[in-house]
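A.B. asks: Letter by letter, the sequence shown follows residues 66 to 630 of this note's numbering. First the structure, then my questions, so here it is.
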Amino acid sequence: MISNSNYTNHLLLSWVNGTKSECCDWEGVRCSTTTDHVIELSLYSNFNQDNYQRYDETWFLNVSLLHPFKELRSLDFSLNTIGGWLGNEESNCLSKLTKLTHLNLSSTHFDNENLRFLGALPVLKSLDLTNTRMAGPLSGKELVNLSNLEVLILKFNQLNGSLPFKDIRALSSLKAISLSYNQLNGTLSTQDLCGLKKLEELDLAANDFEGTLLPCLNNLTSIKFFDISENLFSGIVPSSSISSMTSLEYIDLSENSFEGLFSFNLFANHSKLKVIHFPSNNNKLEIETDNPNWHPLFRLKVLVLSNCTLNKLTRNIPKFLFDQHELEVVDISHSMLKGSFPTWLLENNTELQLLNLQGNSFTGQLHLPPYHNYLHWLDVSENDLDGELQENIGKMIPELKCLNVSGNHIEGNLPSSIGDMSNLNQLDFSFNNFSGEVPVKSFSNQTALQFLSLSNNNFHGEILSKLANLSRLLTLELNNNQFNGTLPLIASLSVDISNNCMSDNFFEGRVPCELGHYIIIDLSHNLLSGSFHSCFNVQRVRHILCKGIDSQEHYPKMFLIHHLS
């Protein structure tokens, strides 16, 4: 097989160089425990840097090499550069593989032409053509003979045009179809799709489908996975369709143009539901979760309802969330909600990893439970929170990677326990009423921090030396405070910083050459002076704003160097 394929991967080499004489013991080979016939060949490639570089080197397999495996049930060529079969002049070249039920050709060089050989596989149940070289319109005539097909995966290709729904409907055994991440278009106006009554998974995400959803989708009572996100669907989501899908575990309707009212009581009988992903991208969607009264049977893992009008009359956080105790992701940002910060949401869901409440009108103190070590992302920006941060906040949420409290009314000193959150990547305290000096300990252990904003507060004192350990920092915003100190201290900061905004403070002294490697620099309205342009890296710097620097060069007192090249 090696010599006839002009290709060798790690599995085939192990067959030649290995010490095991019995082929059933070879890597990638599985045999029947009763007959010892080969029933499974897994010839997937293990990509490394060398064979990745020859990914364009298409090879072809002499299909006659597979003919001796008359009991073969599963064949996996994924992650190879195979582009087809040698000796495939006839469309029935695979006809001797009469028992093949699973064929995985994902991430290969197969194209549309290879579909015509599949009709010779009468008992095929699963076909995976993810990320191949299939492009253009999808012809259904090559698929209609696969009457036993249960799983069809064609995602991440270059398919376009409308779907051959009538041909797809002929696949009466179909349980899962994935066509996501293509350029398919047209409407779902035909009822042929609704005829696939055994369908359990429908994935049409990231295409250009448009129009309204059909009420006949209520025929799909066995559907578990329903993803039509990132399309051009519009209109009102038919309530009868959703309420009938009582087997649903995952639903994603995001990134479309749905509008009108959607009532959550449609999910009242969906006891298996784990993921609801329904953010709006046109602000025309109104979601009612509390009226009429209902009690959820589901236990959600993920809830995303951002950018919609949520509970328009009361603006209350959804009541059904009080009954949830297994949530891992909650995003109800920009949903016009009000009320106190929902501490109970963190208390009830001890494995919550992401909580996004951005752009609402929550009030009161940001009060966190005593300890929550699963939380990685907390965004409460653009609300009306006030009071002070809890002094031990860093010990309460020690695994946090992103903390954004910007755009509130939080006051007081910055807690030194921030330094206990050693995994922080993004930290934004901007546009609040913080005051006092920044504690040394706050940033002594933040070696992963890439974004830091303390801007538009009332901090004062020396700051730059306290940031010396931020070795991965890319963006630093200190503007509109009362920080002081000399800029030579900036030499201790990360050399990877690209954006540095330090305007409207009391920094003084000469401008050091260490600033010359930044892409964006704003030093305006400080007490700086001196010459600095000669040491700037003009191939890197794109924006310099230095209003009010007393320079001894030929620059006027107020100047802007913009778009250096």
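We put the CB at the ideal spot given by N, CA and C, even for glycine.
Where do the ends of the alpha helix (DSSP H) carrying Glu412 lie?
C.D. replies: 408-413
A.B. asks: With 16 as the cutoff for other CB atoms within 10 Å, does Tyr436 come out buried or exposed?
C.D. replies: exposed
A.B. asks: In its own chain, which residues sit with a C-beta less than 6 angstroms from the C-beta of Thr415, not counting the 5 before and 5 after it?
C.D. replies: none
A.B. asks: Looking only at its chain, what residues have a beta carbon closer than 6 angstroms to the beta carbon of Ser471, apart from the 5 residues adjacent to it on each side?
C.D. replies: Ser446, Asp493, Ser495, Phe496
A.B. asks: Taking 8 angstroms as the threshold (C-beta atoms), are Asn250 and Gly226 in contact?
C.D. replies: yes
A.B. asks: Take Asn591 as the anchor and find which of Cys578, Ile562, Ser563, Leu552 has the nearest alpha-carbon.
C.D. replies: Leu552
A.B. asks: When we look at the beta-carbon of Ser294 and count the other beta-carbons within 10 Å, is it buried (16 or more) or exposed?
C.D. replies: By the 10 Å Cβ count, Ser294 comes out buried.
A.B. asks: Buried or exposed: which applies to Thr173, given that a residue is buried once 16 or more other Cβ atoms fall within 10 Å of its Cβ?
C.D. replies: buried
A.B. asks: Can you tell me whether Leu183 is buried or exposed? The criterion is at least 16 other CB atoms within 10 Å of its CB, across all chains shown.
C.D. replies: buried
A.B. asks: The ligand GTP and Leu532: does any heavy atom of the ligand fall closer than 7 angstroms to the residue's C-beta?
C.D. replies: Looking at this structure, you won't find the ligand GTP or any other ligand, since it has none at all.
A.B. asks: Which word fits Trp150, buried or exposed, when buried means at least 16 other C-beta atoms lie within 10 angstroms of its C-beta?
C.D. replies: buried
A.B. asks: Could you give the uninterrupted runs of the alpha helix (DSSP H) lying entirely in the stretch 209-234, keeping only those of 4 residues or more?
C.D. replies: 230-234
A.B. asks: Report the option in Leu159, Ser110, Asp268 whose CA atom is closest to the CA atom of Asn127.
C.D. replies: Leu159
A.B. asks: Skipping 5 residues on each side, what residues in its chain have a beta carbon closer than 6 angstroms to that of Leu211?
C.D. replies: Leu189
A.B. asks: In whole angstroms, what separates the C-alpha of Val216 from that of Phe323?
C.D. replies: 29 angstroms
A.B. asks: Any idea if Val505 is buried or exposed, counting beta-carbon neighbours within 10 angstroms, 16 or more meaning buried?
C.D. replies: exposed
A.B. asks: Quick one: what's Ile147 bridged to in DSSP?
C.D. replies: Trp124
A.B. asks: Could you tell me how far apart the beta carbons of Leu514 and Asn490 are, in whole angstroms, since I believe they sit closer than 8 angstroms?
C.D. replies: 6 angstroms
A.B. asks: Would you call Ser345 buried or exposed, if buried means 16 or more other Cβ atoms sit within 10 Å of its Cβ?
C.D. replies: buried
A.B. asks: Just how far apart, CA to CA, sit Leu170 and Arg138?
C.D. replies: 15 angstroms
A.B. asks: So Lys460 is in the alpha helix (DSSP H); what residue range does that whole segment cover?
C.D. replies: It spans 458-461 - the alpha helix (DSSP H) in which Lys460 sits, taken as one unbroken run.
A.B. asks: Quick one: give me the first and last residue of the alpha helix (DSSP H) that Ile316 is part of.
C.D. replies: Run containing Ile316: none in the alpha helix (DSSP H); it sits in the beta strand (DSSP E), 315-317.
A.B. asks: Would you give the residue range spanned by the alpha helix (DSSP H) that Ser308 belongs to?
C.D. replies: 304-309
A.B. asks: Would you tell me roughly how many angstroms separate the C-alpha atoms of Asn498 and Asn544, rounded to the nearest one?
C.D. replies: Cα-Cα distance, rounded: 14 angstroms.
A.B. asks: Kindly identify the DSSP beta-bridge partner or partners of Ser520.
C.D. replies: Answer is none; Ser520 lacks a bridge partner.
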